[in-house]
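For the sequence shown, position 181 matches number 181 in this note's numbering, and the numbering has no gaps at all. Report on the structure given below.
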Amino acid sequence: MTESDQQETRGKGVRVREVVAGLPTYIAGKPALPNAYKVSSNENPFPPLPSVVQRIAEAAADINRYPDPACTALRGTLSTFLGVDPSSLALSTGSVSMLQHLVSTVAGEGDEVMYAWRSFEAYPIIVGVAGATAVQVPLTEDLRHDLVAMADAVTERTRLIIVCSPNNPTGTTTTSTEFEAFMRRVPEHVLVILDEAYVEFVADQQAVSGSQEFSRYPNLVVLRTFSKAYGLAGLRVGYAMLPPALAPQVAKAVTPFGVNSLAQAAAMASLEEPAKRELDQRVVELQFERARVEHALADQGWPVTPSQGNFVFLALGDKSQDFADHCNRGGLVVRAYGADGVRITIDTPAANDRAISLCREWRAFSKAARII
Ligand SMILES: *Cc1c(COP(=O)(O)O)cnc(C)c1O
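Take a look at the structure:
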């Protein structure tokens with residue numbers, strides 16, 4: 001018996017909630033082999049700024065102490081940066097844990113939580129663990145949220161609706177007009193979460209902006225993260241802008257001392273000048289690379305879904321896994337989504353060049369095989 005077999009047998013006697021036993025495991029992006037590029041987790045390819053690393057090192061001198069559980073300094077800085085009162089801000093160990101806290105605050109057995117599909121793979125798992133019922137509303141044909149269908153699908157049992165803009169993995173955004181029309185239709189006792197993990201990469205002026213919408217609704221939470229544009233994925237820090245009346249309730253569900261002192265220091269340092277400006281400049285470079293990749297793929301004849309995130313999505317249908325295998329063999333670790341498509345993170349110019357050339361090869365093979 002191997003060690004993991006033994007563990008498996010050992011765990012067998014313990015009764016686990018059926019909803020948990022039936023859930024899929026969250027699959028993280030595969031680590032890349034040497035000489036391969038890992039473009040499967042939407043990470044920021046830039047190494048941390050020296051000024052941020054310096055502040056982490058300074059904060060390390062105090063790690064015998066618990067971190068500030070209220071993240072007071074970081075909350076104050078964010079409050080100024082966003083123009084939102086500190087009482088409407090809550091920090092968490094990545095925005096995924098805040099999402100988990102919010103779901104468990106508002107929904108349990110017998111309640112419905114709605115989200116678009118395909119969207120972020122953590123949603124079904126978080127909703128399932130809470131014991132709530134997931135209601136998945138299909139994306140439109142052009143891979144966007146169908147907010148009309150989502151408003152139509154609200155029932156007596158709906159407690160929470162998650163809107164992901166830009167949507168992971170399709171890169172599409174919800175417009176502010178669509179969002180406003182949607183919010184007018186959603187009853188005020190239903191919480192809406194706008195997941196903006198990629199908002200810093202948005203260039204489209206029509207796209208919804210959580211910081212602008214936030215103060216207009218008593219039932220809107222906006223989720224953001226330092227993992228993507230700010231390049232702090234390894235430290236785990238995200239936040240919510242949330243209605244002040246909801247904040248104390250969510251606080252009960254939050255793990256105490258979750259956001260560690262190094263993460264708090266790094267996030268603070270990232271919001272100060274000149275670090276903030278340098279980080280913004282990196283986002284501009286990634287946006288430039290995104291446009292370059294999209295143009296190159298369009299030139300090759302790909303039907304590219306225009307993306308506002310730090311990734312592109314290729315709707316390859318049942319060819320998704322074959323294409324992902326082709327990329328893996330070519331030293332590019334991408335992420336396939338069943339029979340829907342493949343997501344490729346925008347990375348360094350060299351990684352993006354490899355993506356472009358693997359896509360070109362695939363088109364050539366497919367043409368030769370008369371698949372397209
Ligand atoms: C990456 C991502 C997050 C954020 O994850 P963290 O926990 O903050 O690292 C949240 N939502 C979506 C849709 C994401 O893709």
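Backbone N, C-alpha and C define an ideal beta-carbon position, used for all residues, glycine too.
Return the residue from the list Val20, Thr77, Thr174 that minimises the CA-CA distance to glutamate 273. Thr77
Sheet register partners of glutamine 136 (DSSP bridge): DSSP, once it has assigned bridges, lists Tyr115 as partnering glutamine 136.
Under 9 Å between the Cβ atoms of valine 106 and valine 19? Their beta carbons are not under 9 Å apart, which means valine 106 does not touch valine 19 by this criterion.
Helix, strand or coil for aspartate 444 per DSSP? Only positions 1 to 372 of the chain appear in the structure, and residue 444 is not among them; the question remains open.
Residues near tyrosine 217 by beta carbon distance below 6 Å, same chain, minus five either side: Met183
Would you kindly work out how many angstroms separate the C-alpha atoms of glycine 317 and valine 342, rounded to a whole number? Their Cα atoms are separated by approximately 9 Å.
Could you check which residue in Pro303, Val293, Ala149 has the C-alpha nearest to that of alanine 355? Val293
CB of phenylalanine 201 to nearest heavy atom of ligand 1: below 8 Å? no
Local conformation of arginine 159 per DSSP, three classes: strand
Using a threshold of 8 Å, is the CB atom of arginine 398 nearer than that to any non-hydrogen atom of ligand 1? Residue 398 is absent from the structure shown; the chain starts at 1 and stops at 372.
Helix or strand or just coil, what does DSSP make of phenylalanine 226? coil
Residue span of the beta strand (DSSP E) that contains threonine 345, given as start and end: 341 to 345
Could you spell out the range, first to last residue, of the alpha helix (DSSP H) harbouring valine 53? 50 to 60
Is any heavy atom in ligand 1 found nearer than 8 Å to the beta carbon of cysteine 164? Answer for cysteine 164: yes, Cβ within range of ligand 1.
Backbone CA spacing between serine 329 and alanine 70 [nearest angstrom]: Per the sequence presented here, residue 329 reads as arginine, with serine not at that position. Rounded to the nearest angstrom, the two C-alpha atoms are 47 Å apart.
Who does cysteine 164 pair with in a DSSP beta bridge? Asp195
Could you check whether threonine 173 and leucine 143 sit closer than 9 Å to each other, using their CB atoms as the reference points? no
So the candidates are Val16, Ile27, Arg159; which of them puts its Cα closest to the Cα of glycine 338? Ile27
Give me the residue from Glu285, Leu286, Pro306 with the minimum Cα distance to histidine 295. Selected option, being the one with the closest Cα: Pro306.
Given 8 Å as the limit, is there contact between the segment 145 to 161 and the segment 281 to 290, that is, 3 or more CB pairs closer than that? no
Given glutamate 188, which residues of its chain have a CB within under 7 Å of its CB, disregarding the five upstream and five downstream residues? Only Pro218, Asn219 meet the Cβ criterion.
Which residues in the same chain as leucine 160 place their Cβ atom closer than 6 Å to its Cβ, once the five residues preceding and following it in sequence are excluded? Val106, Ala107, Val113, Leu191
Rounded to the nearest angstrom, how far is the Cβ of alanine 207 from that of serine 165, given a contact under 8 Å? Rounded, the Cβ-Cβ distance is 7 Å, consistent with contact.
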